[in-house]
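Working notes, beginning with the structure itself.
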Amino acid sequence: MVKILCLAALGLAALSQATKLHVNKGYITVDDAAVRSSIDVSPPVTIYARFDGSSNKERVKPGCKLQAKWPSNYGDIYFGEDNCLYDSKGQNINGQCCKPSGNLPEVRNPYYG
């Protein structure tokens, strides 16, 4: 019984491990959280980028949106200067890049405050 509980606890710990998303340049918003350097996340997430850094409003329309996902065993991923998602070896993850979209919602401005 003790072995089963220990194995179950280890399994839950492995499932709850997050990936660290690093931002190479500028600021982004991930699931309505302003990100200025890095954040722990679990896939999938919504990334907003291409903000007007001079805006002083709390909520603004971003320039692009990415519905991002990656293998859950990735320890670190990177949002590049080109607004694309990379693994720790510098390889683009499944061609994922933040694309302009016609009617994006207002989200938290990562440059606010």
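Read in order, the letters of the sequence shown correspond to residues -18 to -1, 1 to 95 in mature numbering (1 follows the signal peptide of the UniProt record, and there is no 0).
Quick reminder that beta carbons are idealized off the backbone N, C-alpha and C, glycines included.
Where does residue i fall in DSSP's three states?
i           : result
Y68         : strand
N55         : coil
Q(-2)       : coil
residue 117 : The requested residue 117 does not occur in the structure, where the chain is confined to residues -18 to 95.
C46         : strand
F33         : coil
D22         : strand
Quick one: measure Cβ to Cβ for residue i and residue j, integer angstroms, because I've assumed they're closer than 8 Å.
i     : j   : result
N85   : R41 : Contact flag wrong, Cβ pair sits at about 15 Å.
A(-1) : S24 : 5 Å
S19   : K2  : The pair is not a contact, with the Cβ atoms about 10 Å apart (cut-off 8 Å).
Y94   : K39 : 7 Å
* Taking contact to mean at least 3 C-beta pairs separated by less than 8 Å, is the stretch 70 to 85 in contact with the stretch 11 to 28? -> no
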